Every structure is written in C-alpha cells, then in structure tokens.
C-alpha cells in the first residue's frame, strides 16, 4: 500500500510518500512545499494545491493521512492553517485518494508510544522505522513521514479488527480505532 502523509502549513507544507509491504516500510520521497510570504495568500494556497496534486499524480497513493490542526498561538494562524489543510483534503479527494486525519497526540503515540514525545524523539523513531542511517529532511517533512507511518499502523490494526469481525468475533471487536474523516 502506498501512503502519503501531509503536515499542512503556509510557509512549509511537509509531505511524504511511503510504501508499506507486510511489516516493512520504505521511503519513496519526503520534502516540503515552500511558499513565499511575498505572494498573496490565495496564490500560496494555489501553489500548495498544485504541488500536492503533482505529487499524487506522480506517486498514486491509495490513501493519505493529514495531521489535524494543533492549538495555534492565534486564531488568525489557526484559520490560515485550516485553509491549507482544507486545500490538501480537497486535492486528495478530487484525486480520489481516501483521507484520514490524526492529531499530533495520536501520531506521537503511534510512533514513539508516548503522546508527549519531543519532535527529536519522533524524528529518531521515524528514522529507525524506515531503517535509514540518516534522515536528512526538513522538520515538516519528518512530521509528514510520522503521520504516514501512524496511518500505516492504524490501517493495519483496522484491517486486523475487520478480519476478526468477519470471523465471527464482532462482539469482541472495539469500534474502529482510526479517525477516517473523508472518503473519495
């Protein structure tokens, strides 16, 4: 399965594409989409959307995971981040890629096992999980990788629970643990 992770932002939107085969994860590409503060906001959103669409067309992910908005320092910043997130969700659904959302807490728990892990702890664990000697990417790209890996773990658990339900264990299966927001 090919997964795209997205860490929405205005100046830097992190993205990552990984493949998940059985229990192995491999990195296809990770980076950032950068927009200049010198261009108007609508143009910045358009650049983010166009860049994400190009990446989706190039890598053909089956699913995408987007980090949910954290509590921003200002309402204005939260609105702008929400708009960037909305562009990412719109582009993915327009390209018929299923979208899932995860909070920073869910991502940290899935990657490190601790919801208050530092960015450095998450980054080192991402490097370990991808079996990389070094992880030479921008912090926002590292965050996007973490979101994608979180989704791989969650989707694997979701499949396991579905299989148990199909085998007659439905009464013992808890509610779907993933937080699927949108489907194409």
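In my numbering, the protein residues as written are 37 to 220. Heads up, the beta-carbon is just placed ideally off N, CA and C, and yes, glycines get one too. Here the structure is a predicted model, which means the values were calculated and not measured.
query                                                                                                                                                                                    : result
Helix or strand or just coil, what does DSSP make of residue 118?                                                                                                                        : helix
Cβ of residue 133 within 7 Å of Cβ of residue 85?                                                                                                                                        : no
What's the gap between the Cα of residue 154 and the Cα of residue 190?                                                                                                                  : 21 Å
Where does residue 121 land, buried or exposed, given buried means 16+ other C-beta within 10 angstroms?                                                                                 : buried
Throw me the rounded Cβ distance for the residue 183 and residue 99 pair, which I believe falls under 8 Å.                                                                               : Not a contact, Cβ separation roughly 11 Å.
So within the region 84-169, which uninterrupted beta strand (DSSP E) runs reach at least 3 residues, ignoring any that extend past its ends?                                            : 99-103, 134-138
Using DSSP with H/G/I as helix, E/B as strand and the rest coil, what is residue 53?                                                                                                     : strand
Quick one: Cα of residue 131 to Cα of residue 52, how far?                                                                                                                               : 17 Å
For a test of the three-state rule: what should DSSP assign to residue 46, helix, strand or coil?                                                                                        : coil
Between residue 150 and the rest of its own chain, which residues show a CB-CB distance below 7 Å, the 5 nearest in sequence each way excluded?                                          : 144
Since residue 179 and residue 50 are thought to touch, with beta carbons under 8 Å apart, how far apart are those beta carbons, to the nearest angstrom?                                 : 5 Å
Kindly list the residues whose CB is nearer than 8 Å to the CB of residue 140, restricted to its own chain and excluding five residues on each side of it in sequence; keep chain order. : 103, 104, 106
Taking only the alpha-carbon atoms, compute the straight-line gap between residue 69 and residue 78 and give it to the nearest angstrom.                                                 : 15 Å
Report the three-state DSSP secondary structure of residue 81 (helix, strand or coil).                                                                                                   : helix
Smallest Cα separation from residue 88: which of 60, 135, 42, 37?                                                                                                                        : 42
What three-state label does DSSP hand residue 171 in the structure shown?                                                                                                                : coil
In three-state terms, what does DSSP make of residue 25?                                                                                                                                 : With the chain covering only 37 through 220, there is no way to say anything about residue 25.
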